[in-house]
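Notes for the one structure printed next.
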Amino acid sequence: MKVDGRHTRTLWLEPDGWAVGTIDQRQLPHRFVTVRLETLADAAEAIRSMLVRGAPLIGATAAYGVCLALRADASDRGLATACETLAATRPTAINLRWALGEMTAAVGRLPVECRVAAAYARAAAIADEDVAINAAIGRHGRALIEDIARRKGGAPVQILTHCNAGWLATVDWGTATAPIYQAHDAGVPLHVWVDETRPRNQGASLTAWELSQHGVPCTLIADNTGGHLMQHGLVDLAIVGTDRVTAQGDVCNKIGTYLKALAAHDNGVPFYVALPSPTIDFAVVDGIREIPIEERGAEEVTLMTGATADGRIETVRIAPAGVAAANYGFDVTPARLVTGLITERGVLPATREGLAAAFPERAGLR
Ligand code: MRU
3 MKVDGRHTRT
13 LWLEPDGWAV
23 GTIDQRQLPH
33 RFVTVRLETL
43 ADAAEAIRSM
53 LVRGAPLIGA
63 TAAYGVCLAL
73 RADASDRGLA
83 TACETLAATR
93 PTAINLRWAL
103 GEMTAAVGRL
113 PVECRVAAAY
123 ARAAAIADED
133 VAINAAIGRH
143 GRALIEDIAR
153 RKGGAPVQIL
163 THCNAGWLAT
173 VDWGTATAPI
183 YQAHDAGVPL
193 HVWVDETRPR
203 NQGASLTAWE
213 LSQHGVPCTL
223 IADNTGGHLM
233 QHGLVDLAIV
243 GTDRVTAQGD
253 VCNKIGTYLK
263 ALAAHDNGVP
273 FYVALPSPTI
283 DFAVVDGIRE
293 IPIEERGAEE
303 VTLMTGATAD
313 GRIETVRIAP
323 AGVAAANYGF
333 DVTPARLVTG
343 LITERGVLPA
353 TREGLAAAFP
363 ERAGLR
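Numbering (this note's numbering), first residue to last: 3 to 368.
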C-alpha cells in the first residue's frame, strides 16, 4: 500500500540483497521509521518487541530470520537454533510456526552450501504468496461489501474492525482490510469503525493511520462502543483478522474480538473473519481449550504511550503504581458466532467441513 503516495510493503530486502528492511510499528502513527534487520537476534527481537506484529507479517519475518541465521551458520544445528529462537518469540499466531516449517522443509535436506540461497528464495516466495493471497481475500470480501452497498442503495456500508489486520499486519493489503481497500478503490461508499484495541492500541495507532493514508473514511471508537453502534443499526458488518483458526472454525484473534462477535450475534450483524490459509491450524480443534494465549506484561495495561503536542513520544501511568494487572493478548471466538471465513479460496462456512473442502491438502495433515 502507499505511504505518503509511495508504494511500500512491510518487508523488503535492502539494496545489499541480504539484510531485511521493515517498518518500526511501535513508532506509528507518530513517526514512520524503517529498520534494518541483520541477524537472527534482530529478527527475533523485532517479533518479540512487536516492532513487527500481525500474524502473517510475523510469519514472513520469521522466514527471513531463518535466512539471516543461516548466513552465520547453515549447519543443521544453526537451522535448529534459528527455529527454536524464533518459535519462542510469540506463542499464539500459528503463521510463525507455519513459516518455520516451510523454511525447514525448503532447506533442511539440502547440502549446507546451498541452504542460504534456497532460504532466501523460499522467504521471498512466502512474502509474495502473502501478497497474492491477501489480494484474493480482497476480491472475495469485496463482493460481500458490494452486496450490502446494493441493498443500501448508495448509503455508505458501515464496517467495524478490531485491532490491526491491515497491510501493516501482513506483507501487503492486509486481511480484514483487503476487502475494504478493494471496495473503496472500486468506488463503493463505505465507512469503517475502528476499535482502539487496548491495551496496545493497534486500532488507534495502526488501523486508523493506514486507512487514513489510503483515504478510507473511518472513525476511531473506544473498545466498548461496538455493541451500542450495533443496537442502533450503525454497523452493517464486522470484519476482523485472526492469528489462528482451528479445524472446526474457532477463531483466535486480538483480545476483545469475542465480545464483538457476541454483540454482532445478538444484533443480527454479520461477523466475518478474513484469513490466509497459513493461519489455519488443522492440528487444533477446540480453540478455547487448545490455543496458547499470549500473556504480556502488566505495564501494557497500566501505562499508555503517545505523542505530546510537540511530537515527543512519552509513556505515562494511568493506574495506581503497583496495582495488579492482567494482560491476555488474544481470545477465542467459537465458530458458531462466525458468519463466514473470507479466504483466498472464497467465503467459507466456519465449520470443519467448510475448511476441509476448501483446503483438502492441508486438512489431511492432522
Ligand atoms: O498482537 P498483534 O498486534 O500481533 O495482534 C494482531 C492481531 O490480532 C491481528 O488481528 C491478527 O494478527 C490478524 S493480522 C492479518
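Beta carbons: idealized from backbone N, C-alpha and C, even for Gly.
Predicted, not measured: the structure shown is a model, and the values here were computed from it.
Could you check the C-alpha separation between Arg368 and His186 for me, to the nearest Å? A caution first: Arg368 carries a pLDDT of 45, below 50, which makes its placement in the model too unreliable to give a value.
Gly67 and Ala45 - do their beta-carbons sit closer together than 7 Å? yes
Could you tell me which residues DSSP puts in a beta bridge with Gly23? Trp14, Arg38
Distance between Cys165 and Ala326 (C-alpha atoms, nearest Å): 24 Å
Is it true that the CB of Ala263 sits closer than 7 Å to the CB of Leu343? no
Is there at least one non-hydrogen atom of ligand 2 closer than 6 Å to the beta-carbon of Arg11? Only ligand 1 can be found as ligands here, which leaves ligand 2 out of the picture.
Classify Val114 as helix, strand or coil using the three-state DSSP reduction. helix
Among the residues of its own chain, which have a CB less than 7 Å from the CB of Asp6, if the five just before and after it don't count? none
For His381, report the span of its beta strand (DSSP E) as first-last. Only positions 3 to 368 of the chain appear in this structure, which leaves residue 381 out of reach.
If distances are taken between C-alpha atoms only, which option among His32, Val159, Ile257, Val318 comes closest to Arg298? Ile257
Please determine if the stretch 71 to 82 and the stretch 112 to 121 are in contact, where contact requires at least 3 C-beta pairs separated by less than 8 Å. yes
Taking Glu316 as part of the beta strand (DSSP E), name the residues at either end of that continuous run. 315 to 319
Comparing alpha-carbon positions, which option in Gly217, Pro322, Ala266, Arg291 lies nearest Met306? Pro322
Residue closest to Gly110, alpha-carbon to alpha-carbon, out of Pro93, Leu98, Ile135, Leu81: Leu81
Option nearest Glu104 by Cα separation, candidates Gly155, Cys85, Val194, Ala90: Cys85
Ligand 1 and Thr177: does the residue's C-beta get closer than 6 Å to at least one heavy atom of that ligand? yes
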